[in-house]
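Novice: Take this structure, written in structure tokens, and hold onto it; I'll ask about it next.
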Amino acid sequence: MGGDRPGQEIPKDYRKVVVHLIDNEGWTYRRPGGGYPRLLPADPAHQPIKLPKTPSSQRAFNNFVAEVRRKGGHWPPRR
Amino acid sequence: MTWFSVGVEARCPDQAPEIDEWLLDSFADAVAAYDGVIGGGQGAWDARISVETDDADRAAMTGAEVVRKAAAAAGLPDWPMVRLEATRQDVLESELAQPNYPELVSGPEAAELLGVSRQRLHQLAQEHAGFPEPLYRLRVGPLWVRSGIEAFGRRWERKPGRPRKTA
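Keeping their order, the protein sequence lines are chains A and B. End of the first sequence = 78 in numbering that gives the first Met the number 0, gap-free, step of one. End of the second sequence = 166 in numbering that gives the first Met the number 0, gap-free, step of one.
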């Protein structure tokens, strides 16, 4: 199946979380031609998350992490 | 006034149609001013935004209203809301600072925590009604939640010596 790897198109703090989820927890990343990139949870029962393309506030980042955790992802890593 | 993070989810009550990507992109644009993150796909959409209000009740109401309007403006289906939660920003931040992995222990680690041999641990797991159930049973052995083993260690009444033989 495979998936894309996140690059400069998403902010660095988001990229760190996304890479962790792809590499360690089976999540998938999709970079569309236009529009917002999508992060697909490992559990398909959960809806994909849209990612911002420009740096956002700390509150927006917290909202993103809260949704990742609600959808079965783990962050921050234990070590 | 205090900042709250408000999570909202709406689901299709019957069939589960796929939501067009461009509608979800419009939804993301519509909540961007509220530090929003959105999701959606097969038969559901969700959003988490930030609002500044006096208390959690008002945050939930305001947040739900903002998300509903943004969803309507983006052209998303008007599905029933199935989840609504408001969390004060500082509470959310302190929760997010903690890893949400359960701390697990293997058999040898559980035995060490309880100060028993591996054989005795196996016996306890088999025979003691109050011994915690493993979270996972892997081919290499069971894994327990560490806090469950620690709690068992605190409530377990140890009886010294060998168990009495029954006829």
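We put the beta carbon where it would ideally sit given N, CA and C, even for glycine. Computed from a predicted structure; not experimentally measured.
(1) To the nearest angstrom, how far is it from the Cα of residue 133 of chain B to the Cα of residue 18 of chain A?
(2) Starting from the C-beta of residue 9 of chain B, find all residues in its chain whose C-beta is less than 6 Å away, skip the five residues before and the five after it, and write them out in chain order.
(3) Which residues, in chain order, does the stretch 84-117 of chain B contribute to contact with chain A at a C-beta distance below 9 Å?
(4) Leaving out the 5 sequence neighbours to the left and right, which residues in its chain are closer than 7 Å to residue 14 of chain A when beta-carbon positions are compared?
(5) Just tell me which of B/70, B/40, B/37 and B/64 has its CA closest to the CA of residue 50 of chain B.
(6) Would you say residue 142 of chain B and residue 103 of chain B are within 7 Å of each other, going by their C-beta atoms?
(7) Counting only the same chain and skipping the five closest in sequence on each side, list residues whose C-beta sits under 8 Å from that of residue 112 of chain B.
(8) Would you say residue 47 of chain A faces chain B, with C-beta separation under 7 Å as the test?
(9) Looking at chain A, which residues of the stretch 130-163 of chain B have a Cβ within less than 7 Å of any of its Cβ atoms?
(10) Rounded to whole angstroms, what is the Cα-Cα separation between residue 23 of chain A and residue 129 of chain B?
(11) Thinking just about the alpha-carbon of each residue, which of B/21, B/100, B/109 and B/35 is nearest to the one in residue 61 of chain A?
(12) For residue 16 of chain A and chain B, any beta-carbon pair shorter than 7 Å?
(13) Using a cut-off of 8 Å between C-beta atoms, extract the partners of residue 81 of chain B located in chain A.
(14) Please report the straight-line C-alpha distance between residue 60 of chain B and residue 30 of chain B, rounded to a whole angstrom.
(15) Which complete beta strand (DSSP E) runs does the stretch 6-49 of chain B hold, if anything under 3 residues is left out?
(16) Establish whether the CB of residue 20 of chain B and some CB of chain A are separated by less than 7 Å.
(17) In whole angstroms, what is the alpha-carbon distance linking residue 0 of chain A and residue 27 of chain A?
(18) By Cβ distance, which residues of its chain are closer than 7 Å to residue 46 of chain A, with the 5 residues on each side in sequence left out?
(19) Closer than 9 Å by beta-carbon distance: list the chain B residues that pair up with residue 34 of chain A, in chain order.
(20) Excluding the five sequence neighbours on either side, which residues of its own chain have a C-beta within less than 7 Å of the C-beta of residue 64 of chain A, listed in chain order?
(21) Could you tell me the distance, in whole angstroms, from the CA atom of residue 52 of chain B to the CA atom of residue 46 of chain B?
(22) Reducing DSSP to helix, strand and coil, say where residue 144 of chain B ends up.
(23) Mind pulling the chain B residues with CB within less than 8 Å of residue 19 of chain A?
(24) Kindly indicate which three-state DSSP category residue 0 of chain B falls into: helix, strand or coil?
(25) Taking buried to mean at least 16 other C-beta atoms within 10 Å of its own C-beta, is residue 1 of chain B buried or exposed?
Specialist: On the basis of the supplied data:
(1) As a working note, residue 133 of chain B is residue 134 in the second sequence. As a working note, residue 18 of chain A is residue 19 in the first sequence. Spanning the two alpha carbons is a distance of roughly 30 Å.
(2) Within the second sequence, residue 9 of chain B is the residue found at index 10, counting from 1. Excluding positions up to five away in sequence, the list reads 44, 78 and 80.
(3) 86, 88, 91, 92, 94, 95, 96, 97, 98, 99, 100 and 102
(4) For the purposes of this step, residue 14 of chain A is identified with residue 15 of the first sequence, where counting begins at 1. Excluding positions up to five away in sequence, the list reads 5.
(5) For the purposes of this step, residue 50 of chain B is identified with residue 51 of the second sequence, where counting begins at 1. Out of B/70, B/40, B/37 and B/64, B/64 has the C-alpha closest to the C-alpha of residue 50 of chain B.
(6) Sequence index remark: in the second sequence, residue 142 of chain B carries index 143 (1-based). Sequence index remark: in the second sequence, residue 103 of chain B carries index 104 (1-based). Yes, they are a contact pair.
(7) To locate residue 112 of chain B, count along the second sequence from 1; it is residue 113. Cβ neighbours of residue 112 of chain B beyond the five flanking positions: 104, 145, 148, 149 and 152.
(8) If you number the first sequence from 1, residue 47 of chain A lands on position 48. Yes, residue 47 of chain A lies at the interface with chain B (some Cβ there is under 7 Å from its Cβ).
(9) none
(10) Here residue 23 of chain A refers to the residue found at position 24 when the first sequence is read from its first residue. Here residue 129 of chain B refers to the residue found at position 130 when the second sequence is read from its first residue. When rounded, the distance between both Cα atoms is 34 Å.
(11) What you label residue 61 of chain A is simply residue 62 of the first sequence in a count that begins at 1. Residue B/35 is the option with its Cα nearest to residue 61 of chain A.
(12) Against the first sequence, residue 16 of chain A aligns to sequence position 17. At a cut-off of 7 Å, the C-beta of residue 16 of chain A has no neighbouring C-beta in chain B.
(13) The count along the second sequence starts at 1 and reaches residue 81 of chain B at position 82. Simply none; closest approach about 12 Å.
(14) Position 61 of the second sequence, counted from the start, is the residue given in the question as residue 60 of chain B. Position 31 of the second sequence, counted from the start, is the residue given in the question as residue 30 of chain B. As the crow flies, the alpha-carbon of residue 60 of chain B is around 16 Å from that of residue 30 of chain B.
(15) Counting only runs of 3 or more, we get 36-39.
(16) In the second sequence, counting from the first residue as 1, residue 20 of chain B sits at position 21. Yes, because at least one Cβ of chain A sits closer than 7 Å to the Cβ of residue 20 of chain B.
(17) In the first sequence, counting from the first residue as 1, residue 0 of chain A sits at position 1. In the first sequence, counting from the first residue as 1, residue 27 of chain A sits at position 28. The predicted model places residue 0 of chain A with a pLDDT of 49, which falls under 50 and marks its position as unreliable; any figure quoted below should be read in that light. Residue 0 of chain A and residue 27 of chain A: Cα-Cα distance of roughly 9 Å.
(18) Reading the first sequence from its first residue, position 47 is the one you call residue 46 of chain A. The answer is none, since no qualifying residue turns up.
(19) Position 35 of the first sequence, counted from the first residue, corresponds to residue 34 of chain A. Result: 20, 21, 23, 24 and 27.
(20) One-based indexing of the first sequence puts residue 64 of chain A at position 65. Answer for residue 64 of chain A: 16 and 74, listed in chain order.
(21) Counting from 1 along the second sequence, the entry for residue 52 of chain B is found at position 53. Counting from 1 along the second sequence, the entry for residue 46 of chain B is found at position 47. Each residue's Cα considered, the two are about 18 Å apart.
(22) Position 145 of the second sequence holds residue 144 of chain B. DSSP places residue 144 of chain B in the strand class (E or B) of the three-state scheme.
(23) Position 20 of the first sequence, counted from the start, is the residue given in the question as residue 19 of chain A. Within chain B, no residue comes near residue 19 of chain A; the closest Cβ sits about 12 Å away, beyond 8 Å.
(24) The count along the second sequence starts at 1 and reaches residue 0 of chain B at position 1. If DSSP states are grouped into helix, strand and coil, residue 0 of chain B belongs with coil.
(25) In the second sequence, counting from the first residue as 1, residue 1 of chain B sits at position 2. Per the 10 Å Cβ criterion, exposed.
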